[in-house]
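Undergrad:
There are 4 protein chains.
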Amino acid sequence: MSINSFGHLFRVTTWGESHGPALGATVDGCPPGVPIDEAGLQHWLDRRKPGQNKYTTQRREPDQVRILSGVFEGQTTGTPIQLMIENTDQRSKDYSDIKDKFRPGHADITYWQKYGIRDYRGGGRSSARETAARVAAGGLARAVLATLLPELRITGYMVQIGPHRIDRARFDAAQIEENPFWVPDAQAATDWAEYLDGLRKSGNSVGAMIEVTASGLPAGLGAPVYGKLDTDLASAMMSINAVKGVEIGEGMAAAELTGEANADEIFMGEDGNPVYSSNHAGGILGGISTGQDIIVRFAVKPTSSILKPRQTITRAGEATEIITKGRHDPCVGIRAVPVAEAMMACVLLDHYLLHRGQIGHNRGAIG
Amino acid sequence: MSINSFGHLFRVTTWGESHGPALGATVDGCPPGVPIDEAGLQHWLDRRKPGQNKYTTQRREPDQVRILSGVFEGQTTGTPIQLMIENTDQRSKDYSDIKDKFRPGHADITYWQKYGIRDYRGGGRSSARETAARVAAGGLARAVLATLLPELRITGYMVQIGPHRIDRARFDAAQIEENPFWVPDAQAATDWAEYLDGLRKSGNSVGAMIEVTASGLPAGLGAPVYGKLDTDLASAMMSINAVKGVEIGEGMAAAELTGEANADEIFMGEDGNPVYSSNHAGGILGGISTGQDIIVRFAVKPTSSILKPRQTITRAGEATEIITKGRHDPCVGIRAVPVAEAMMACVLLDHYLLHRGQIGHNRGAIG
Amino acid sequence: MSINSFGHLFRVTTWGESHGPALGATVDGCPPGVPIDEAGLQHWLDRRKPGQNKYTTQRREPDQVRILSGVFEGQTTGTPIQLMIENTDQRSKDYSDIKDKFRPGHADITYWQKYGIRDYRGGGRSSARETAARVAAGGLARAVLATLLPELRITGYMVQIGPHRIDRARFDAAQIEENPFWVPDAQAATDWAEYLDGLRKSGNSVGAMIEVTASGLPAGLGAPVYGKLDTDLASAMMSINAVKGVEIGEGMAAAELTGEANADEIFMGEDGNPVYSSNHAGGILGGISTGQDIIVRFAVKPTSSILKPRQTITRAGEATEIITKGRHDPCVGIRAVPVAEAMMACVLLDHYLLHRGQIGHNRGAIG
Amino acid sequence: MSINSFGHLFRVTTWGESHGPALGATVDGCPPGVPIDEAGLQHWLDRRKPGQNKYTTQRREPDQVRILSGVFEGQTTGTPIQLMIENTDQRSKDYSDIKDKFRPGHADITYWQKYGIRDYRGGGRSSARETAARVAAGGLARAVLATLLPELRITGYMVQIGPHRIDRARFDAAQIEENPFWVPDAQAATDWAEYLDGLRKSGNSVGAMIEVTASGLPAGLGAPVYGKLDTDLASAMMSINAVKGVEIGEGMAAAELTGEANADEIFMGEDGNPVYSSNHAGGILGGISTGQDIIVRFAVKPTSSILKPRQTITRAGEATEIITKGRHDPCVGIRAVPVAEAMMACVLLDHYLLHRGQIGHNRGAIG
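Next comes the structure, spelled out in structure tokens:
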């Protein structure tokens, strides 16, 4: 059991290594009759695609997704959907430097200790390249959600890079697509560009914090007590490469609050649905959606591959030094934005399908 | 599918409501031949038991665990183990105040919206009382781990309560069992007692942060990429009532670090195993254990049941005010400590069993 | 992973041994709002209850089922339902005869070889007593089905006992509840009684074949290709103690047929639904229900505990002889009838819930 | 949840349609360090390949398998293995005849009723072509088993075709690979050829019975009570297209036996392991292997596509007649032999991995 799958009803299994022939996602449980085509999925892959600006890895691949099964005459059929992305830029470079050395901060040493064999080319299975498959599956989930929950909006953006946080007072969603950082703050985009240029030149890297929200989600989604909506979101985000922490709503700051300050008081809205005085809960109570915005944040550690020499050991146990050259992102957090959106889409669809199967779902009317 | 189970091979399903006849855990996948008895499990339940001091709920129950199956002549048999705790203190109190009102911050409204029916007595299934079943299962996991990994130590403690954080310089593990807060800092114990007394008197509550560590875990545990050790720990902790954020190692602070600062450099130890210059990673790389201490932190929101009046609505949609009387913890985070230890034990055992089944596990020798 | 659960959405985990304190079923995924009480479940347990006539084991237990969770004010809440049956007739008999001997045909030797420990009292976990928990879960499934598919009828009956088969020409469903064999043929009931009396007196036992049908099931249920309706039914029936073969529709006899003879031709019925010229398929095509009757048959081997001396070995590897005294059914197949009905109910409900969650289920209208 | 996966630890998900771009198997949980290459897998695919003789479909495809992931430098890495087979012979034939008609005995009508959309080209997902993916996965399972259980031998063969059964007295395993029917009886091979020639010419088809055995399997494999070895084998075989019944050991004939006749008495063998006087049980007691040969039989219904006109309806509900032309096997049972072997290999490996992970597995020594 090596657990390369997630989801309960909308079940995604990703496969493939950084430098193998291809990678992809096998999606089981996609509802039938949903319009889907490769161009629609490609839109999402293009957002994640490397080599688009100087702040992300210079590996250049088209990341072209192909649908190999489960779609007939432009619609899903309810059978498994195979999404494949061929690896085209498998440079026949010299890997001798990392073949027998364990790069600090990478999974090299643990994969070796676990499996006794590792595909060292570009990190193999532990490469962030695996997230391309997630983005493809997320594009599919979005297509399904568009037919089921047309009001739903999923939006990811960066809120912090190293010491620089966004100014919430300047929050402008329209900016997100306008800069290479998906940051909702034009001033931050300028400042961060300068900051990252400096970092990159010095061969260093930096961490980041990303926020993903979903608006338009109905109340009642979530499966207590071990498949809570927040539990599954935490799991989904933590599974992304380099993520070290996940928060819902107030998150870690909840430790500081009093019950009086933290209470989201409840009122009746004009449309006959409950409204809340605030959203400390991040849209989830007892693991079930309230109908408010879902708010998730997560931290990504700095890229471990840096040009600064670090101490490490070889497979033979000898001390050595390593400088990781190659095409690396100075901040892996940037490309985590579309990945996190994809994971959010998959988790929300999965829970919506769980919800639909239930007798009289959302039957607890109020008022 | 309502997902009241967790674990891949050591599979725990909890059941029961706050005020029903009983609650418990059905544990499937426990290895055979492990010595176990009710007294051994009771030890862990007693640590979590309410009513032990003035900082936790005054509900007084013996929380006596019974083993109904899967154990024969003092040893596990490899068949399912049923752990049952009868609810003895089901006060025939008047629930009319909350029967038709939704308590802010509780799952009352979302359970109603999801299921259209809810056992309102004490929160029903969403009550933190469900965690007693986790502690029983965790006790069982510890018994198994004691035979498999005798070096393993799991330790939970509080590191923050409201604005008060522990002083890491005063960290003293020996203090943990000496105060009602499981805080590894004698001075903090005194300060926090005073702080909580004030809060309790004012009818308010407060959040908390808990850290759980595991030392003595071998390298190589964890199932990339969706059953990573950190992914499963994040899921396990987030599933605990009132938890709003989970961190591994540096956690959210990783967003601020540079790659240079974050690198855990690798050396050979004198015993022929790798050692690290630091543990920013919290003992996990690429979802797999490194052999270093596993470090997890999580934040618990303040108890939502407070004596301060809050605005809410009734099932009929009418505006009303609520004051939640009853036997509530001013800081639910305190009793989350033994629960988190139990979840850690279950997750680590589960991953150890996954690991054992693999061919030549831990075969990637170094040196 | 010891896999004491079945079902995808309606998930049943049974637990307990023949002579432990109790046994039961933990049911997760039961829809909310379904009326249920202990008396309703007891009805089904009473049908399976031993000691009701001379053809079944003389162990006499009330097999009283208790609902410990998941039901509030007479309705299911959507949370896990714990069904417990206490073992009251745990005779303090002398087990020394079987403690160290392996009874041929029983799981004694394989449990020992697998687990290295076994609860030898009455077969422990491998006892057919485990099926009481299935019947309780099946009663719950029937209650849910009564609200969802009121037209559905599940009927089990014996069609063969040793060399005696029923005469299909005399098939009379009204007879099923009128004799101790659940045989739809009054003459067979008389003949079989005489036959079994002879067997019982000679200390021998015999096999049986049971048929279970479901009428009123809509078309479209079943999850190809590894959760087909027939696949799940085969698995469910084969999991019952002593079952050695399972058939759908024509079953093993399909090997003899030509395509021409086997074809179930399709016509439009007067009510606008498809009708078929025959039902060789047993109501399932490609793993999905056709709307015709579901027809399943399975064979149960003869009770292995007989009064005839058999050769075996002890745990120490010494040759010995064994006569299994005790309270045994001369034909375990008889009591398999209510168990098979229960399994059918669970599987059909499970697939109905899978079906409901799908977009536009049953949307492929004809005509 | 559309359940295109099977296996607990060695988890196989198949995907793809008869006339889509490709089909394949995503295998998760394959142990690392196992030598594997495409040629090794191809060997098994070639055995199943259509068009090899006049008794199987004349569709001619190379069925070339490609390994897209999970293998590095000739060894499995423990990460998911993607096995892809491109569909090369997708004749641009005219499907208008079956596009709107439901072929009797096929899944056309039920897929339509379930999904409201179906890929009618060659049966789409319900085509027996899906079994090519199973054979690829089975080849992988065999490669792993060869390293873990080198003594294990899995052998499938036909035992009946229409009215013709093999003569057990003439059983000669060496004949199996010598004739197009995988029948262990040279005389039967000759007789059956003549019989099938007649059938084919008349445009008819016929059913078959297949037996699959495994020798060299250790005692102690199987996970009671819902993941029994026989339960999983029944499920695996029943999931194969057109299978209508599955038997273990005596199978359906067990209904006729007395306990005295059915007893497999136990003795100590000269090598210190238990031996049995007979194998009515088919090598499984209580769901766990005894160490004897595993014996499974299953019946395959006659090919539904025949040249005899049959009555059916169109999607519009109009009565019509259908003759299924095309490249069909007169007896689909023939090609089920390698498929059943593949399923047996997957199930046995899966249970062996379950077994290995257990503490002290097979620790219950005898003698």
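Chains as they are written, first to last, in the working numbering: chain A, 1 to 367; chain B, 1001 to 1367; chain C, 2001 to 2367; chain D, 3001 to 3367.
From the three backbone atoms N, C-alpha and C, an ideal C-beta is built for every residue, glycine too.
(1) Once DSSP output is grouped into helix, strand and coil, what is the label at A1188 of chain B?
(2) Residues of the stretch 2252-2268 of chain C with a CB closer than 9 Å to any CB of chain D: list them in chain order, please.
(3) So, for A1352 of chain B: in the same chain, excluding its five sequence neighbours on each side, which residues have a beta-carbon less than 7 Å away from its beta-carbon?
(4) Checking 8 Å against the spacing of the C-beta atoms, do A3223 of chain D and S2002 of chain C come in under that value?
(5) Under the rule that 16 or more other beta-carbon atoms within 10 Å means buried, what is P1062 of chain B, buried or exposed?
(6) How is G16 of chain A classed by DSSP in three states: helix, strand or coil?
(7) Determine, for R1142 of chain B, whether the minimum Cβ-Cβ distance to residues of chain D falls below 8 Å.
(8) At which residue ranges does the stretch 3211-3254 of chain D contain complete beta strand (DSSP E) runs of 3 or more residues, listed in the order of the chain?
(9) Pick helix, strand or coil for G2324 of chain C, following the three-state DSSP scheme.
(10) Alpha carbon to alpha carbon, how far is I2109 of chain C from S3289 of chain D?
(11) Measure the Cβ-Cβ separation of E3144 of chain D and W3044 of chain D and say whether it is below 8 Å.
(12) Where does the unbroken beta strand (DSSP E) through Y157 of chain A begin, and where does it stop?
(13) Tell me, please, whether the CB atom of G70 of chain A is closer than 8 Å to any CB atom in chain B?
(14) Check the Cβ of L3196 of chain D against every Cβ in chain B and list those closer than 9 Å, keeping chain order.
(15) For L9 of chain A, would you say it is in contact with chain C, using Cβ-to-Cβ distances shorter than 8 Å as the test?
(16) Check the Cβ of T26 of chain A against every Cβ in chain B and list those closer than 8 Å, keeping chain order.
(17) Assuming the contact rule is C-beta atoms closer than 8 Å, P1104 of chain B and E265 of chain A should be a hit. Round their C-beta distance to whole Å, please.
(18) Using only the alpha-carbon positions, how far apart do A1242 of chain B and I1295 of chain B sit?
(19) Interface residues of chain A around P3035 of chain D at Cβ under 7 Å?
(20) State yes or no: is the C-beta of T1026 of chain B within less than 8 Å of the C-beta of W2015 of chain C?
(21) What residues in its chain sit with their C-beta under 6 Å from that of L2368 of chain C, if we drop five residues either side in the sequence?
(22) Alpha carbon to alpha carbon, how far is G3123 of chain D from G2245 of chain C? Give it in angstroms, no decimals.
(23) Taking the straight line between their C-alpha atoms, what separation do you get for P2080 of chain C and S69 of chain A?
(24) Three-state secondary structure (DSSP) at E3341 of chain D?
(25) Find the residues of chain D that neighbour N4 of chain A, judging by a C-beta separation of less than 8 Å, and give them in chain order.
(26) Less than 8 Å between the beta carbons of D3230 of chain D and H3008 of chain D, yes or no?
(27) Could you work out which residue in B:Q1160, B:T1312 and B:V1212 is closest to H1106 of chain B when comparing CA atoms only?
(28) Spell out whether any CB of chain G is found under 8 Å from the CB atom of R310 of chain A.
(29) Using a Cβ cut-off of 8 Å, which residues of the stretch 1216-1231 of chain B contact any Cβ in chain C, in chain order?
(30) Do you know offhand how far L257 of chain A's Cα is from G251 of chain A's?
(31) Keeping to the same chain, check which residues put their C-beta closer than 6 Å to that of H2361 of chain C; ignore five residues upstream and five downstream.
(32) G2139 of chain C CB to nearest chain B CB: under 8 Å?
(33) Beta carbon of C1346 of chain B, beta carbon of I1161 of chain B: below 8 Å?
(34) 8 Å is my cut-off, CB to CB: does Y3095 of chain D come that close to chain A?
(35) Comparing alpha-carbon positions, which option in A:R118, A:F72, A:G139 and A:P21 lies nearest L3083 of chain D?
(36) How is the beta strand (DSSP E) around L2083 of chain C delimited, first residue to last?
TA: In brief:
(1) Sequence index remark: in the second sequence, residue 1188 of chain B carries index 188 (1-based). Note: A1188 of chain B maps to helix in three-state DSSP.
(2) M2252, A2253, A2254, A2255, E2256, L2257, T2258, G2259, E2260, A2261, N2262, A2263, D2264, E2265, I2266, F2267 and M2268
(3) As a first step, residue 1352 of chain B must be located in the second sequence, where it is residue number 352. Before going further, note that residue 1352 of chain B is Tyr rather than Ala in the sequence given. Within the same chain, Y1352 of chain B has close Cβ partners L1148, L1149 and L1221.
(4) Within the fourth sequence, residue 3223 of chain D is the residue found at index 223, counting from 1. Within the third sequence, residue 2002 of chain C is the residue found at index 2, counting from 1. The answer is yes: Cβ separation under 8 Å.
(5) The residue given as residue 1062 of chain B occupies position 62 in the second sequence. With fewer than 16 other Cβ atoms within 10 Å, it is exposed.
(6) As a working note, residue 16 of chain A is residue 16 in the first sequence. The answer is strand: DSSP assigns G16 of chain A an E or B state.
(7) The count along the second sequence starts at 1 and reaches residue 1142 of chain B at position 142. Output row for R1142 of chain B: interface = no.
(8) 3243-3248
(9) Translated into positions along the third sequence, residue 2324 of chain C becomes position 324. It should be pointed out that residue 2324 of chain C corresponds to Thr in this sequence rather than to Gly. Looking at T2324 of chain C - three-state DSSP - the assignment turns out to be coil, as it is neither helix nor strand.
(10) Within the third sequence, the letter at position 109 stands for residue 2109 of chain C. Within the fourth sequence, the letter at position 289 stands for residue 3289 of chain D. Cα to Cα, the separation comes out at about 10 Å.
(11) Taking the fourth sequence and counting its residues from 1, one reaches residue 3144 of chain D at position 144. Taking the fourth sequence and counting its residues from 1, one reaches residue 3044 of chain D at position 44. Per the sequence shown, residue 3144 of chain D should be read as Val rather than Glu. In this structure, W3044 of chain D does not lie closer than 8 Å to V3144 of chain D by Cβ.
(12) Within the first sequence, the letter at position 157 stands for residue 157 of chain A. From DSSP, the beta strand (DSSP E) with Y157 of chain A extends over R153 to I161.
(13) For the purposes of this step, residue 70 of chain A is taken as residue 70 along the first sequence, with counting starting at 1. With 8 Å as the cut-off, G70 of chain A does not count as an interface residue toward chain B.
(14) By 1-based counting over the fourth sequence, the position of residue 3196 of chain D is 196. Under the 9 Å cutoff, chain B gives no residues; its nearest Cβ is about 44 Å from L3196 of chain D.
(15) By one-based count along the first sequence, residue 9 of chain A stands at place 9. Cβ-Cβ to chain C under 8 Å: yes for L9 of chain A.
(16) Position 26 of the first sequence, counted from the first residue, corresponds to residue 26 of chain A. Result: empty, since nearest Cβ-Cβ is about 13 Å, beyond 8 Å.
(17) Mapped onto the second sequence, residue 1104 of chain B falls at position 104. Mapped onto the first sequence, residue 265 of chain A falls at position 265. Rounded, the Cβ-Cβ distance is 5 Å, consistent with contact.
(18) Locating residue 1242 of chain B in the second sequence gives position 242, where the first residue counts as 1. Locating residue 1295 of chain B in the second sequence gives position 295, where the first residue counts as 1. If I take the Cα positions, the gap works out to 20 Å.
(19) The residue labelled residue 3035 of chain D in the question sits at position 35 within the fourth sequence. Correct list: empty, because the minimum Cβ distance to chain A is about 11 Å.
(20) Here residue 1026 of chain B refers to the residue found at position 26 when the second sequence is read from its first residue. Here residue 2015 of chain C refers to the residue found at position 15 when the third sequence is read from its first residue. Yes, Cβ-Cβ distance for T1026 of chain B and W2015 of chain C is below 8 Å.
(21) With chain C represented from 2001 up to 2367, any question about residue 2368 of chain C goes unanswered, as that position is not in the structure.
(22) Position 245 of the third sequence, counting from 1, holds the residue named residue 2245 of chain C. Position 123 of the fourth sequence, counting from 1, holds the residue named residue 3123 of chain D. Cα-Cα distance, rounded: 29 Å.
(23) Within the third sequence, residue 2080 of chain C is the residue found at index 80, counting from 1. Within the first sequence, residue 69 of chain A is the residue found at index 69, counting from 1. Rounded to the nearest angstrom, the two C-alpha atoms are 37 Å apart.
(24) Taking the fourth sequence and counting its residues from 1, the one referred to as residue 3341 of chain D is at position 341. The answer is helix: DSSP assigns E3341 of chain D an H, G or I state.
(25) The residue given as residue 4 of chain A occupies position 4 in the first sequence. The contacting residues are D3028, T3079 and P3080.
(26) As a position in the fourth sequence, residue 3230 of chain D is number 230, starting the count at 1. As a position in the fourth sequence, residue 3008 of chain D is number 8, starting the count at 1. Not a contact, by the Cβ cut-off of 8 Å.
(27) As a position in the second sequence, residue 1106 of chain B is number 106, starting the count at 1. When only C-alpha atoms are compared, the closest one is B:T1312.
(28) No chain G is part of this structure, whose protein chains are labelled A, B, C and D.
(29) none
(30) For the purposes of this step, residue 257 of chain A is identified with residue 257 of the first sequence, where counting begins at 1. For the purposes of this step, residue 251 of chain A is identified with residue 251 of the first sequence, where counting begins at 1. About 11 Å.
(31) Counted from its first residue, the third sequence places residue 2361 of chain C at position 361. Reliability of the predicted coordinates at H2361 of chain C is poor, the pLDDT of 49 falling under 50, and the value obtained from them is presented with this limitation in mind. H2355, listed in sequence order.
(32) Locating residue 2139 of chain C in the third sequence gives position 139, where the first residue counts as 1. Output row for G2139 of chain C: interface = no.
(33) Sequence index remark: in the second sequence, residue 1346 of chain B carries index 346 (1-based). Sequence index remark: in the second sequence, residue 1161 of chain B carries index 161 (1-based). Contact flag unset, no.
(34) Along the fourth sequence, read from residue 1 onward, the residue named residue 3095 of chain D stands at position 95. It does not; no Cβ of chain A falls within 8 Å.
(35) Your numbering for residue 3083 of chain D matches position 83 in the fourth sequence. L3083 of chain D has its Cα closest to that of A:P21, out of A:R118, A:F72, A:G139 and A:P21.
(36) As a working mapping, residue 2083 of chain C is identified with position 83 in the third sequence. Segment I2081 to E2086, the beta strand (DSSP E) holding L2083 of chain C.
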